[in-house]
Amino acid sequence: GAVVSQHPSWVICKSGTSVKIECRSLDFQATTMFWYRQFPKQSLMLMATSNEGSKATYEQGVEKDKFLINHASLTLSTLTVTSAHPEDSSFYICSAIQWQGYGYTFGSGTRLTVV
Amino acid sequence: KQEVTQIPAALSVPEGENLVLNCSFTDSAIYNLQWFRQDPGKGLTSLLLIQSSQREQTSGRLNASLDKSSGRSTLYIAASQPGDSATYLCAVSQYSGGGADGLTFGKGTHLIIQP
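The listed protein sequences correspond, in order, to chains A and B. The opening position of the first sequence corresponds to residue 274 in my numbering, with each subsequent residue numbered one higher. The opening position of the second sequence corresponds to residue 12 in my numbering, with each subsequent residue numbered one higher.
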């Protein structure tokens, strides 16, 4: 089956620093990847859609200059949280789709804590 | 804008019981519906994927139905076990014609199966 690997699984960083999260599709090519954010006891909220070789599409209210997304290959998308602040602390999870009829496969998520 | 609602928000039952989790969505123009399981602090595990043209899907003790016209889906869990304890998420996708869209999630049903 389709497998998506996400690293790191958790990270603690100081306020003002940047953090990069990687999302890889291991056994399929993903032309489209998605990034979600989940606050405690809340559901997953779509942040952005990442298409290989083009700029990401961000959802309303998501700062594109703060959450930099790069999808340089068919198997790798990265999310960089720039100048992180404590309010960016959250659970970030990526998803990839091989083709829409197949459904979405999710990574294991990254717990970001900004201190 | 699509909205997904899950009822109940929480459920606690003794093991062995059969139970039903409900999901409703406001825009019936979906591409597919997916049920996920999320364990605390973990990523998502896909349970069942129902295409918009399908009425139900089954996997082991799980059965999911879809009534697209009324905007409803149910997840039926037979003979529940303590290992079924988790948060169950319902999510729908819509196809914009320009490519796959991200999923819209409900807030989930937090399920506890008492030994």
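Just so it is clear, CB atoms sit at the ideal spot from N, CA and C, and this is done for glycine as well.
Not one beta carbon of chain B lies nearer than 8 Å to the beta carbon of residue 323 of chain A. Under the three-state reduction of DSSP, residue 300 of chain A is assigned to coil, being neither helix nor strand. Each of A:314, A:376, A:275, A:297 was checked against the Cα of residue 343 of chain A, and the nearest Cα belongs to A:297. Classified as exposed, residue 291 of chain A has fewer than 16 neighbouring CB atoms from the shown chains inside 10 Å of its CB.
If the five residues before and after residue 123 of chain B are omitted, its C-beta is found closer than 6 Å to the C-beta atoms of 23, 96, all from its own chain and listed in chain order. Straight across, the Cα-Cα distance linking residue 78 of chain B with residue 58 of chain B is about 18 Å. Nearest to residue 125 of chain B by C-alpha distance, out of B:27, B:31, B:49, B:36, is B:27.
Taking C-alpha positions only, residue 114 of chain B is separated from residue 104 of chain B by approximately 5 Å. Per DSSP, reduced to three states, the secondary structure at residue 360 of chain A is helical. Counting only runs that start and end inside the region 76 to 114 of chain B, the beta strand (DSSP E) elements of at least 3 residues fall at 83 to 88, 97 to 104.
One Cα belongs to residue 20 of chain B, the other to residue 301 of chain A, and the distance between them is close to 35 Å. Across the structure, residue 116 of chain B and residue 99 of chain B are spaced so that their CA atoms are roughly 11 Å apart. If you ignore the 5 residues before and after residue 287 of chain A, its C-beta comes within less than 7 Å of the C-beta of 388, all in its own chain and listed in chain order.
Relative to the Cα of residue 83 of chain B, the nearest Cα in the group B:34, B:12, B:41 belongs to B:34. In this structure residue 313 of chain A does not touch residue 383 of chain A by the C-beta definition: roughly 15 Å separates them, more than the 8 Å allowed.
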